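Here the structure is laid out as structure tokens; the discussion comes afterwards.
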Ligand SMILES: NC(=O)c1ccc[n+]([C@@H]2O[C@H](COP(=O)([O-])OP(=O)(O)OC[C@H]3O[C@@H](n4cnc5c(N)ncnc54)[C@H](OP(=O)(O)O)[C@@H]3O)[C@@H](O)[C@H]2O)c1
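Numbering (this note's numbering), first residue to last: 44 to 212.
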């Protein structure tokens, strides 16, 4: 079975994904989508994203990349992104329950892994916003859009947003 390596990310019109180690918006419906998409999958994240979330996420295999931290209860920690990917690939090859490695951020991890992804799940947040962490520019010519779903700003969601799934040609 083909192993999927995906990015799941919410980005503004100017590619901002984070500010002061937090998300720069409240989008409750997108967090629900994130939970549904990642549940029962392997999630790989950088140490700062893990700290921003604050705990391992339940019902997912939490893989964290860090040169500083070696041990986190409820998660596996890897000294390099490649080590994390290799371990996740081994699990997918051995256990049919897993066939997707979802990279959930942040900026470092997204930049390091964009070349090896074959799926993108982008939440395009309709705002120009200040931030200090950015998603890389993606040339969508290499990607085929598979689905799109629009959401309107309301009391639970600061901005309009669209969730788009792409697969690499
Ligand atoms: N909008 C979104 O969808 C989204 C998603 C996730 C995160 N975010 C935001 O993004 C921000 C955090 O992103 P960030 O770019 O600052 O940090 P990050 O990518 O989450 O984590 C960076 C850290 O990961 C470790 N790391 C990264 N590459 C490594 C490698 N090749 N080998 C070993 N360790 C490696 C290092 O940890 P050590 O320093 O411990 O070595 C590095 O300092 C926050 O604002 C967060 O809210 C947004």
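C-beta: ideal position from N, C-alpha, C; glycine also.
This one's a predicted model, so the numbers in the text were calculated from it and none came from an experiment.
For the beta strand (DSSP E) containing residue 208, list its first residue and its last residue.
204-211
Straight-line Cα distance separating residue 175 from residue 205
22 Å
Proximity to residue 112 [Cα-Cα], best of 89, 102, 100:
89
Residues in its own chain within less than 6 Å of residue 118 by CB, not counting five upstream and five downstream?
99, 105, 107
Taking residue 93 as the reference, which of 149, 193, 138 has the closest Cα?
149
When the Cβ atoms of the stretch 60-68 are set against those of the stretch 77-84, are three or more pairs found closer than 8 Å?
no
Which residues in the same chain as residue 194 place their Cβ atom closer than 6 Å to its Cβ, once the five residues preceding and following it in sequence are excluded?
72, 204
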